[in-house]
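**Student:** Protein chains in written order, with full-length UniProt numbering: chain A, 1 to 284; chain B, 1 to 650.
Ideal Cβ placement from N, Cα and C applies to all residues, glycine included.
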């Protein structure tokens, strides 16, 4: 086609249909419209599950740290973005069962169905959609992982953390089947209940005396394995007063089920007096 | 070089001389001589070993190590004695002595003229091995299911300990590993052996004697595992993490010997499947004409062959820690606990796909038949399977996000884990596309396909949470994980296996499956399954750790619901089993092609004769030539034609 073609000349008459014709035709098909309707209804039904999941997560006392809050946001968002994919699969399933119908017979049915070998639009569309979804999940997950790593210990030593409040180190030792918490900066007092002040970063050096345990502070959303012969790190900043659960999340022998204790989040004053009672000295 | 054509003359190959009756020693050997051989060898080994161990002369540690060594040798002796007694070594020994097996011997070994006795012998016919695998899988499911009922009883009785902790922990471990073994063999065993050679138009597997060897090794591997419950248990879960495993009683040795033997069995079976599929397809069956179930079996065999040795190494090192006092995994002596975890999960994750992939491929095969449509986008299915096989090699660390062995590994392994959802999504699209605009033939296998896809939706979405490191920080090691993998392994894997077994049941047994009773059983199990595991998701979200026998009051209600659901799964499965057994014994006699399928296995007669086909088939098209031209497409083709005419006129 040369550029000198006069613009005012009318297009030669053809019976070529409008480029959007096929799409329009496809969307005008009865079954397509019904599947879209089922898809929308299912999406509306599935989306509230996001709130339900968060409700179950919070049944035991709710998020008590920023890590757990971020984690709940992640679960919420993941549920929302997966809902359409879930709904479209379920919609085809439902319509296949009840819409296109089924044949009840003893013999192989004579009636054959349309021989659809492939469909470029469906294949490319599905690939692009699932890849985009996966890409979103990966990027969100990585950003979130970086955030919670910064919120917890990560790989930065406690002394180099840029927080205004002086952080507290706690050495956690798992052994069959108890947790021991040692406060190295508070005259190495030891306790079998974790007591932490609110709004203060707590850093854990976790290890084990015998087998692998997993240190799980449930409502803080923090978990790290306690390995014999190695120290692992994690941490959190509690932002809610109260008593929360610590459980062992790795099978560690006979009484694994009973290897649980509490974390008590208290005010700074209460924490200081607790430390004095235990024979340590003030933190600040 | 000159271009001389070399014409090979047909020479008579010298045949070995027939000594005595066909079969020789093998005519006497069967499972009972195997059991006697195994028990006697084990007994003698124990007796001699007991004399040899210098009890009491060493330090305090030594008596335990000595006992472990003794038990290990006894179990290994059982395996060797059993294999000798059943005649596994007859072939090699006769070859070494210069009395190689003759054609008549080989036919005898394939079960010619032995009636039902051939199912109890070292039989090389792939159809016999397939049936043996099926029965073995059913027996293992029986054990595993019974253990599951005991576990749920304990968890439902929230007010007391029904079992002591040692027995309970052994139960969860044994339930896990028995079910994993059963799931690995349930599709690739019976169908990979019985149906696959028929489907590609071959007379048998590539290595018939290895085929028999792989089955009987599996058979020999199971008693040491199940016996652990009376030998003090293997109380560390199916993962048997170290160094916890070094504390366990001698039952742990049973687990280790079982895994080491089973890995040999899987490796041999994998080599056999791969060789058969690659080299023995019928004339004209190019890769593009190969049925998708064959591709799925090939994918699973490759993964099993490559990754099972990792599990074997893990257990060999663990056994050597226990038996000869090395310290691969004992940190006090310089070992590493993370070494075990890495070796274990290098198999541990691909193994999930070894379970899911053949079941998924089998489902695709039967959907085509019941929907009377070609498979939607065969190429996409191939890419999907290839992608799963490829990426499955690099996702194992997502089981170890919380171990702390490499905090930065979270990023790449989160990426690979999310990536594997893309090829898996391809497989879902192939299924949905095959359903698209199809009027389904309403038979039980097809109905199960709907159930399987439903379970895959839930299993897939919950898997999205678990692949994410931050969320895994909460979910890891909780009941949420348990519910998720039961959705994938049971909801998609086992139910899918049930669908494909019913589909090929007429070819394998010559009888039609009783769908009326089977339907009641399946739907009871399916609904109860949803109750059990949806409720388990709730317990997990609330923060219930897995593998516990007592727990907070907060989890009571969801555990009661799960327990009631689990009992109904048990009832449903028993009804299904009843349907299976009664139809096998006296069901309606099946015609050779009851479903009107186009794949090769249905074209031969039922029951299938010894060498499968009177004349080997030649394939001229892919097996998915179902369906009528798309009525909508007619309009579009007309449009295209108009387009072309317009262009031509211009």
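Which of the three DSSP states is assigned to residue 124(A) in this structure?
**Tutor:** By 1-based counting over the first chain, the position of residue 124(A) is 124. If DSSP states are grouped into helix, strand and coil, residue 124(A) belongs with the helices.
**Student:** Who does residue 194(A) pair with in a DSSP beta bridge?
**Tutor:** On the first chain, residue 194(A) is found 194 positions in, with the first residue counted as 1. DSSP output for residue 194(A) lists 263(A) as bridge partner(s).
**Student:** Would DSSP call residue 92(A) helix, strand or coil?
**Tutor:** Start at 1 with the first residue of the first chain, and residue 92(A) comes out as number 92. In the structure shown, residue 92(A) sits in a helix (DSSP, three-state: H, G or I).
**Student:** Which residue comes first and which comes last in the beta strand (DSSP E) that contains residue 583(B)?
**Tutor:** Position 583 of the second chain, counting from 1, holds the residue named residue 583(B). Run containing residue 583(B): none in the beta strand (DSSP E); it sits in the alpha helix (DSSP H), 556-586.
**Student:** Just how far apart, CA to CA, sit residue 66(B) and residue 53(B)?
**Tutor:** Here residue 66(B) refers to the residue found at position 66 when the second chain is read from its first residue. Here residue 53(B) refers to the residue found at position 53 when the second chain is read from its first residue. Near 6 angstroms, if we compare the C-alpha coordinates of residue 53(B) and residue 66(B).
**Student:** So residue 320(B) is in the alpha helix (DSSP H); what residue range does that whole segment cover?
**Tutor:** Within the second chain, residue 320(B) is the residue found at index 320, counting from 1. 292-323 is the extent of the alpha helix (DSSP H) around residue 320(B).
**Student:** Output needed for residue 524(B): all residues of its chain with C-beta closer than 7 angstroms, excluding positions within five of it in sequence on either side, in chain order.
**Tutor:** Counting from 1 along the second chain, the entry for residue 524(B) is found at position 524. Answer for residue 524(B): 568, 571, 572 and 575, listed in chain order.
**Student:** Can you name, in chain order, every residue of its own chain whose Cβ lies under 6 angstroms from the Cβ of residue 656(B), other than the five neighbours on each side?
**Tutor:** Nothing in the structure corresponds to residue 656(B), since chain B is present only between 1 and 650.
**Student:** Taking the beta carbon of residue 155(A) as the centre, do at least 16 other beta carbons fall within 10 Å, making it buried, or is it exposed?
**Tutor:** Residue mapping note: residue 155(A) aligns to position 155 of the first chain, counting from 1. Note on residue 155(A): pLDDT 47, under 50, position unreliable in the model; no value is reported.
**Student:** Below 8 angstroms CB to CB, which residues in the same chain sit around residue 420(B) once its five sequence neighbours on both sides are set aside?
**Tutor:** In the second chain, counting from the first residue as 1, residue 420(B) sits at position 420. So the qualifying residues of the chain are 387, 388, 391, 392 and 395.
**Student:** In whole angstroms, what is the alpha-carbon distance linking residue 25(A) and residue 428(B)?
**Tutor:** In the first chain, counting from the first residue as 1, residue 25(A) sits at position 25. In the second chain, counting from the first residue as 1, residue 428(B) sits at position 428. Rounded to the nearest angstrom, the two C-alpha atoms are 26 angstroms apart.
**Student:** State the start and end residues of the unbroken beta strand (DSSP E) segment that holds residue 208(A).
**Tutor:** The residue given as residue 208(A) occupies position 208 in the first chain. 201-208 is the span of the beta strand (DSSP E), which, as asked, contains residue 208(A).
**Student:** Taking a contact to mean a Cβ-Cβ separation below 8 angstroms, would you say residue 513(B) touches residue 579(B) in this structure?
**Tutor:** As a working note, residue 513(B) is residue 513 in the second chain. As a working note, residue 579(B) is residue 579 in the second chain. Yes, the Cβ-Cβ distance between residue 513(B) and residue 579(B) is below 8 angstroms.
**Student:** Which of the three DSSP states, helix, strand or coil, is assigned to residue 200(B)?
**Tutor:** In the second chain, counting from the first residue as 1, residue 200(B) sits at position 200. In the structure shown, residue 200(B) sits in coil (DSSP, three-state: anything other than H, G, I, E or B).
**Student:** I want to see whether chain A comes within less than 8 angstroms of residue 437(B), judged by CB atoms only; does it?
**Tutor:** Taking the first residue of the second chain as position 1, residue 437(B) is located at position 437. It does; some Cβ of chain A falls within 8 angstroms.
**Student:** Please identify the residue among 172(B), 74(B), 329(B) and 206(B) whose C-alpha is closest to the C-alpha of residue 546(B).
**Tutor:** On the second chain, residue 546(B) is found 546 positions in, with the first residue counted as 1. For residue 546(B), the nearest C-alpha among the options comes from 172(B).
**Student:** Who are the neighbours of residue 82(A) on chain B, taking C-beta pairs under 7 angstroms?
**Tutor:** Taking the first chain and counting its residues from 1, the one referred to as residue 82(A) is at position 82. The contacting residues are 461 and 464.
**Student:** Could you say which of 631(B), 519(B), 588(B) and 345(B) lies nearest to residue 577(B) if we only look at CA atoms?
**Tutor:** Taking the second chain and counting its residues from 1, one reaches residue 577(B) at position 577. Comparing Cα positions, the closest option is 519(B).
**Student:** Apply the 10 Å Cβ neighbour rule to residue 293(B) and answer buried if 16 or more other Cβ atoms are within range, or exposed otherwise.
**Tutor:** Reading the second chain from its first residue, position 293 is the one you call residue 293(B). Buried.
**Student:** Do you know how far the Cα of residue 109(B) is from the Cα of residue 110(A)?
**Tutor:** The residue you call residue 110(A) lines up with position 110 of the first chain. The residue you call residue 109(B) lines up with position 109 of the second chain. Each residue's Cα considered, the two are about 43 angstroms apart.
**Student:** If I follow the unbroken alpha helix (DSSP H) through residue 252(A), where does it start and stop?
**Tutor:** For the purposes of this step, residue 252(A) is taken as the residue at position 252 of the first chain. Here residue 252(A) belongs to no alpha helix (DSSP H), and DSSP marks it neither H nor E.
**Student:** How many angstroms separate the CA atom of residue 510(B) from the CA atom of residue 607(B)?
**Tutor:** Taking the first residue of the second chain as 1, we reach residue 510(B) at position 510. Taking the first residue of the second chain as 1, we reach residue 607(B) at position 607. In a straight line, the C-alpha of residue 510(B) is about 6 angstroms away from that of residue 607(B).
**Student:** Taking residue 272(B) as the reference, give the member of 297(B), 563(B) and 619(B) with the closest Cα.
**Tutor:** On the second chain, position 272 is the one that residue 272(B) refers to. When each option's Cα is compared against that of residue 272(B), the closest is 297(B).
**Student:** Does the beta-carbon of residue 631(B) have 16 or more other beta-carbons within 10 angstroms, so that it is buried, or is it exposed?
**Tutor:** In the second chain, residue 631(B) corresponds to position 631, counting from 1. Classification for residue 631(B): exposed.
**Student:** Which two residues bound the contiguous beta strand (DSSP E) that contains residue 53(B)?
**Tutor:** Here residue 53(B) refers to the residue found at position 53 of the second chain. Careful: residue 53(B) lies outside any beta strand (DSSP E) and carries neither H nor E.
**Student:** Of the choices 147(B), 434(B) and 203(B), whose alpha-carbon is the least far from that of residue 176(B)?
**Tutor:** What you label residue 176(B) is simply residue 176 of the second chain in a count that begins at 1. When only C-alpha atoms are compared, the closest one is 147(B).
**Student:** Tell me whether the stretch 232-240 of chain B and the stretch 250-259 of chain A touch, counting them as touching only if at least three CB pairs, one residue from each stretch, are closer than 8 angstroms.
**Tutor:** Yes: the two stretches touch, three or more of their Cβ pairs being nearer than 8 angstroms.
**Student:** Of all the CB atoms in chain B, is at least one closer than 8 angstroms to the CB of residue 31(A)?
**Tutor:** Translated into the one-based positions of the first chain, residue 31(A) becomes position 31. Yes, contact with chain B.
**Student:** Taking C-beta pairs closer than 7 angstroms, name the residues in chain B that residue 242(A) reaches, listed in chain order.
**Tutor:** Your numbering for residue 242(A) matches position 242 in the first chain. Going along chain B, no residue has its Cβ under 7 angstroms from residue 242(A), so there is no contact; the nearest lies around 15 angstroms.
**Student:** Alpha carbon to alpha carbon, how far is residue 558(B) from residue 158(B)? Give it in angstroms, no decimals.
**Tutor:** Numbered from 1 along the second chain, position 158 holds the residue referred to as residue 158(B). Numbered from 1 along the second chain, position 558 holds the residue referred to as residue 558(B). Answer to the nearest angstrom: the Cα atoms are 11 angstroms apart.
**Student:** Say whether chain A places a C-beta atom closer than 8 angstroms to the C-beta of residue 118(B).
**Tutor:** To locate residue 118(B), count along the second chain from 1; it is residue 118. So no, residue 118(B) is outside the interface.
**Student:** Does DSSP classify residue 51(A) as helix, strand or coil?
**Tutor:** Indexing the first chain from 1 puts residue 51(A) at position 51. Correct three-state label for residue 51(A): helix.
**Student:** Does DSSP put residue 476(B) in a helix, in a strand, or in coil?
**Tutor:** For the purposes of this step, residue 476(B) is identified with residue 476 of the second chain, where counting begins at 1. Of the three classes helix, strand and coil, the one that applies to residue 476(B) here is coil, per DSSP.
**Student:** Give the straight-line distance between the Cα atoms of residue 93(B) and residue 126(B), rounded to the nearest whole angstrom.
**Tutor:** In the second chain, the residue the question calls residue 93(B) occupies position 93. In the second chain, the residue the question calls residue 126(B) occupies position 126. Cα-Cα distance, rounded: 23 angstroms.
**Student:** Of all the options 627(B), 376(B) and 334(B), which has the alpha carbon lying nearest to the alpha carbon of residue 120(A)?
**Tutor:** By one-based count along the first chain, residue 120(A) stands at place 120. Nearest C-alpha to residue 120(A): 376(B).
**Student:** Determine, using beta carbons only, whether residue 549(B) and residue 249(B) come nearer to each other than 8 angstroms.
**Tutor:** On the second chain, position 549 is the one that residue 549(B) refers to. On the second chain, position 249 is the one that residue 249(B) refers to. Cβ atoms of residue 549(B) and residue 249(B): not closer than 8 angstroms.
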